[in-house]
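Listed in order, the protein sequences are those of chains A and B.
Take 32 as the starting number for the first sequence in our numbering and just add one per residue.
Take 2 as the starting number for the second sequence in our numbering and just add one per residue.
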Amino acid sequence: MTRNLLITGALAVLLQVGGMVAGLTLSPPEQHMSDLVRIMFVHVPVAWAAMATFTVTLVAAIGWLSTRRWGWDHLLDASLEVGVVLGVLLSVQGSVWGYPTWGTWWTWDPRLTSVAVMVLSFLGILALRAFVDDPDKRASWSAAASILAWGSVPFTYFCVKVMNSLHQKQTPWGAMAPEMLRVLLLNTGTVTILTLWMLVARYRLARVELQRELDT
Amino acid sequence: MKEILRQCTLVVRKELLHLWRGRARLVATAAFAFANLVVFSFAGGLHSEALRTNAAGFLWVGILLASTLALGESFRVEVQNNALEAMLLLPVHPAAIFYGKAIGNLVLLTLVGMVMIPFSVVLFDATPAGGLGRLFLTIPFGAAAISAPGTMHAALSSRARSRDVLLPLLLFPLVVPGLVAAVQATQLGFVGDAMGDYGDWLTVLAGFCVVQWGLGGLLFSFVVEE
Chain A
32 MTRNLLITGA
42 LAVLLQVGGM
52 VAGLTLSPPE
62 QHMSDLVRIM
72 FVHVPVAWAA
82 MATFTVTLVA
92 AIGWLSTRRW
102 GWDHLLDASL
112 EVGVVLGVLL
122 SVQGSVWGYP
132 TWGTWWTWDP
142 RLTSVAVMVL
152 SFLGILALRA
162 FVDDPDKRAS
172 WSAAASILAW
182 GSVPFTYFCV
192 KVMNSLHQKQ
202 TPWGAMAPEM
212 LRVLLLNTGT
222 VTILTLWMLV
232 ARYRLARVEL
242 QRELDT
Chain B
2 MKEILRQCTL
12 VVRKELLHLW
22 RGRARLVATA
32 AFAFANLVVF
42 SFAGGLHSEA
52 LRTNAAGFLW
62 VGILLASTLA
72 LGESFRVEVQ
82 NNALEAMLLL
92 PVHPAAIFYG
102 KAIGNLVLLT
112 LVGMVMIPFS
122 VVLFDATPAG
132 GLGRLFLTIP
142 FGAAAISAPG
152 TMHAALSSRA
162 RSRDVLLPLL
172 LFPLVVPGLV
182 AAVQATQLGF
192 VGDAMGDYGD
202 WLTVLAGFCV
212 VQWGLGGLLF
222 SFVVEE
């Protein structure tokens, strides 16, 4: 890992810590949920980052299938892994919030189920990549499977709008107190920066891995 | 288009012939689905009401588990002796191969599902409130929701390591939306459709099938190319 990547990574983590401190101190407690609302400041940005990262996977998959440039496969590899990590984190955060709010760590609600399906769909593709030795086939097969799996992303986003769900619908920006909105936007920015850093770092690693694989 | 349709018909014919000659595959898949239903009836305990309530879910999970056997086997025979490569050397469009094999799997899963309906009625004491029509109509749609993505992922996993683990790992999350709709429609077949929701669930199921069959036809060539 290059020195620049290490420095930018440390900066991204510091920014994220700053965002979380802001979430704990700068925003007032919510009327009904009190301090529990503070988990929203990381939960919503992680949800956005996970869905955006899986959409990058879709773009990378289409890119590979249409151009056969290895860069697209590295991006697909990177976004798959980062997306799955964010998806698992999203579910854990939701559970931590759900227990005191709903009285249960997990319930088979449409939103929770669709997130689980989304993460599992892409986790299966990570397994597929691990079990295929030929780099060319691995890239094409995982790209095709990623395009099929991406359908779970819009389903996850829209299911709270069209189905009866315990999970609340997306709050319009105007309906949020400005102090809360500022902290939410700040954390959205820091989580996005950290996600981009992870994507760049994993992309470089994928490039090195492929080079080593082709050399041996 | 006409040529692809003709090629597809030929592949379907080959699949059905293969299914007929290897009837043991059909019997083994049905037997496995039946074994699943029996296990579920034990797992549900002795509460007959609980079994009745979950009959549709048990039926579809049984079919889904059995489908992994059928789908895996359908490509195992193609990989053996490089039959798939031989087929790809012929002037046949990959989409025709995909649709031919998917229709073959659809026929097999539909037959298995239809055979399982009377067993579900008996084992779970789930007498269909509105007759058997809705149950038998739902089966081909649900089978189509499994067979298209199943054919696609069986093609992938059959040539990878640990293919037996890989196929369910890739397939199960993908078919959840279709499976939910199939279970809901089948449940309405068992308990009756007082609110008139059956058509809506069947529409959701059909929509899922259109997307999966469409994408499968488009992407299959990337999966089988050498």
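By construction, the Cβ of each residue, glycine as well, lies at the ideal position given by its N, Cα and C atoms.
For chain B, find out if any of its Cβ atoms is closer than 8 Å to the Cβ of residue i; answer yes or no.
i	result
Val-87(A)	no
Leu-241(A)	no
Val-148(A)	yes
Ala-81(A)	no
Ala-174(A)	yes
Ser-126(A)	no
Taking residue i as the query, report the chain A residues whose CB atoms sit under 7 Å from its CB, ordered along the chain.
i	result
Ala-161(B)	Leu-159, Phe-162 and Val-163
Val-184(B)	Result: empty, since nearest Cβ-Cβ is about 12 Å, beyond 7 Å.
Flag this pair as yes or no: are the beta carbons of residue i and residue j separated by less than 8 Å?
i	j	result
Ser-173(A)	Leu-159(A)	yes
Glu-210(A)	Pro-59(A)	yes
Thr-33(A)	Val-113(A)	no
Gly-50(A)	Pro-174(B)	no
Leu-206(B)	Thr-152(B)	no
Ala-155(B)	Ser-75(B)	yes
Gly-94(A)	Trp-101(A)	no
Ala-91(A)	Ile-224(A)	no
Gly-54(A)	Trp-228(A)	no
Arg-77(B)	Ser-159(B)	yes
Ala-34(B)	Ile-64(B)	yes
Gln-213(B)	Ala-144(B)	no
Ala-103(B)	Gly-217(B)	yes
Leu-143(A)	Gly-125(A)	yes
Ala-146(B)	Gly-179(B)	yes
Leu-96(A)	Ser-183(A)	no
Leu-197(A)	Asp-140(A)	yes
Val-123(A)	Asn-218(A)	no
Ala-175(A)	Phe-153(A)	no
Met-64(A)	Leu-215(A)	no
Can you check whether the C-beta of residue i is within less than 8 Å of a C-beta belonging to chain A?
i	result
Leu-107(B)	no
Thr-170(B)	The sequence as given places Leu at residue 170(B); Thr does not occur at that position. Interface residue, yes.
Pro-150(B)	yes
Glu-16(B)	no
Val-13(B)	no
Leu-157(B)	yes
Leu-216(B)	yes
Glu-226(B)	yes
Leu-167(B)	yes
Phe-223(B)	yes
Against residue i, what residues of chain A qualify as contacts under a CB-to-CB distance less than 9 Å, listed in chain order?
i	result
Pro-178(B)	Ser-145, Val-148, Gly-182, Ser-183 and Phe-186
Met-153(B)	Ala-175, Ala-176 and Leu-179
Leu-220(B)	Leu-96, Ala-174, Ala-175, Ala-176, Ile-178 and Leu-179
Give the residues of chain B in contact with residue i, contact being defined as C-beta atoms less than 7 Å apart.
i	result
Leu-120(A)	Near Leu-120(A) there are no residues of chain B at all, since even the closest Cβ is about 18 Å away, more than 7 Å.
Ser-152(A)	Pro-174 and Leu-175
Gly-155(A)	Leu-170, Leu-171 and Pro-174
So which residues on chain A does residue i lean against when the C-beta distance must stay under 8 Å?
i	result
Val-212(B)	Gly-182
Leu-90(B)	Here the premise fails: no neighbours, minimum Cβ distance about 18 Å.
Phe-142(B)	The premise fails here: Phe-142(B) is roughly 18 Å from chain A at the closest Cβ pair, so nothing lies under 8 Å.
Phe-99(B)	Chain A residues near Phe-99(B): none, gap ~11 Å exceeds 8 Å.
Quick one: does the C-beta of residue i sit closer than 7 Å to a heavy atom of the ligand COA?
i	result
Leu-111(A)	Summarising the ligand content, the structure contains no ligands, and the ligand COA is consequently not present.
(message) Please identify, using Cβ separations under 8 Å, the residues of the segment 92 to 112 of chain A that lie next to chain B, in order along the chain.
(response) Leu-96
(message) Residues of the segment 176 to 199 of chain A in Cβ contact with chain B at a cutoff of 8 Å, in chain order, please.
(response) Ala-176, Ile-178, Leu-179, Ala-180, Gly-182, Ser-183 and Phe-186
(message) Quick test of the definition: if touching needs 3 or more C-beta pairs under 8 Å, does the segment 8 to 23 of chain B touch the segment 96 to 113 of chain B?
(response) yes
(message) Can you pull out the residues from the segment 44 to 77 of chain A whose beta carbon lies closer than 8 Å to at least one beta carbon of chain B?
(response) none
(request) Kindly confirm or deny that the segment 233 to 246 of chain A and the segment 72 to 80 of chain A touch, where touching means at least three C-beta pairs closer than 8 Å. (result) no
(message) Any contact between the segment 133 to 141 of chain B and the segment 187 to 198 of chain B? By contact I mean 3 or more CB pairs, one from each, below 8 Å.
(response) yes
(message) Any C-beta of chain A within less than 7 Å: which residues of the segment 57 to 88 of chain B qualify?
(response) none
(request) Compile a chain-ordered list of the residues in the segment 183 to 210 of chain B whose CB is closer than 7 Å to at least one CB of chain A. (result) none
(message) With three or more C-beta pairs closer than 8 Å as the rule, is the segment 58 to 73 of chain B touching the segment 163 to 170 of chain B?
(response) yes
(message) Below 8 Å, how does it come out for the segment 19 to 36 of chain B and the segment 178 to 193 of chain A: are there three or more Cβ pairs, yes or no?
(response) no
(message) Under 9 Å, CB to CB, which of the residues in the segment 38 to 53 of chain B have a partner in chain A?
(response) none
(request) Evaluate contact between the segment 81 to 90 of chain B and the segment 199 to 217 of chain B, counting only Cβ atoms and requiring at least three cross-stretch pairs below 8 Å. (result) no
(message) For the segment 53 to 65 of chain B against the segment 121 to 132 of chain B, do three or more pairs of beta-carbon atoms, one drawn from each stretch, fall closer than 8 Å, so that the two count as touching?
(response) yes
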